[in-house]
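S.K.: Read in order, the letters of the sequence shown correspond to residues 31 to 188 in this note's numbering.
No residue lacks a Cβ here, since even glycine has one placed at the ideal position from N, Cα and C.
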Amino acid sequence: MTSKDLEAALGGAEDAFQRKPEIPEVGLEHVSDPAGLQLRKACRLLDAASFLIARKGHFTVIIESSFVAIERSIQFYVEEYDVAGQRHTEVYELGVRAGLFSRDVAERLEERWIENRSESYYRTGVAGEYRARTTFGLVVQLHEEVVQLTRTQDCICD
């Protein structure tokens, strides 16, 4: 049975997503290009993960945001994504087809994503600082390479 408080919270969230944001996120507010928006979302995820690394905690969140930032960076690069219908691991195949990286790298990225889901996300394993830092380092390198390859001016990373 659903509580009245949960119903009210759900109603509030539904209402919030029906409205235009009153205070939009800085850096994302004036982006009309869907690919550029994905890149800037990756930048925001990297910024948040960096902040959490400096606080020496929240390793699960760092790993999760790193994997999402990998997806967003690849989506920007390939410029042919369908967020609503796309499985998380399909983005790696798109990266191979676009020539961003080899099939071997795609398979290794996918394996890390699967392992993260089964171990860290579903608690059959626990996220730790070393995993968080190395996963963050991976996404920073991939993101920087995407930015360099595309010569984009849309990156808002510091």
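1. For I144, does the count of other Cβ atoms within 10 angstroms reach 16, so buried, or fall short, so exposed?
2. Under 8 Å, with one C-beta from each stretch per pair, do the region 79-98 and the region 166-182 reach the 3-pair mark?
3. Determine the direct distance from the alpha carbon of A72 to that of V56, and round the result to whole angstroms.
4. Just tell me which of G41, L40, K50 and A136 has its CA closest to the CA of E120.
5. Count the other CB atoms within 10 Å of the CB of A38; is the residue buried (16 or more) or exposed (fewer)?
6. Please report the residue range of the alpha helix (DSSP H) in which L58 lies.
7. L130 lies in the alpha helix (DSSP H); which residues open and close that run?
M.R.: Let me lay it out:
1. Walking along the sequence shown from the start, residue 144 turns up at place 114. I144 is exposed by the Cβ-count criterion.
2. yes
3. For the purposes of this step, residue 56 is taken as residue 26 along the sequence shown, with counting starting at 1. For the purposes of this step, residue 72 is taken as residue 42 along the sequence shown, with counting starting at 1. Their backbone Cα atoms lie some 14 Å apart in a straight line.
4. Start at 1 with the first residue of the sequence shown, and residue 120 comes out as number 90. The option with the nearest alpha carbon to E120 is A136.
5. Residue numbering aside, residue 38 sits at position 8 when the sequence shown is read from its first letter. Classification of A38: exposed, given that the 10 Å Cβ count is below 16.
6. As a position in the sequence shown, residue 58 is number 28, starting the count at 1. Here L58 belongs to no alpha helix (DSSP H), and DSSP marks it neither H nor E.
7. In the sequence shown, residue 130 corresponds to position 100, counting from 1. Taken as a continuous stretch (DSSP letters only), L130 belongs to no alpha helix (DSSP H), as it is neither H nor E.
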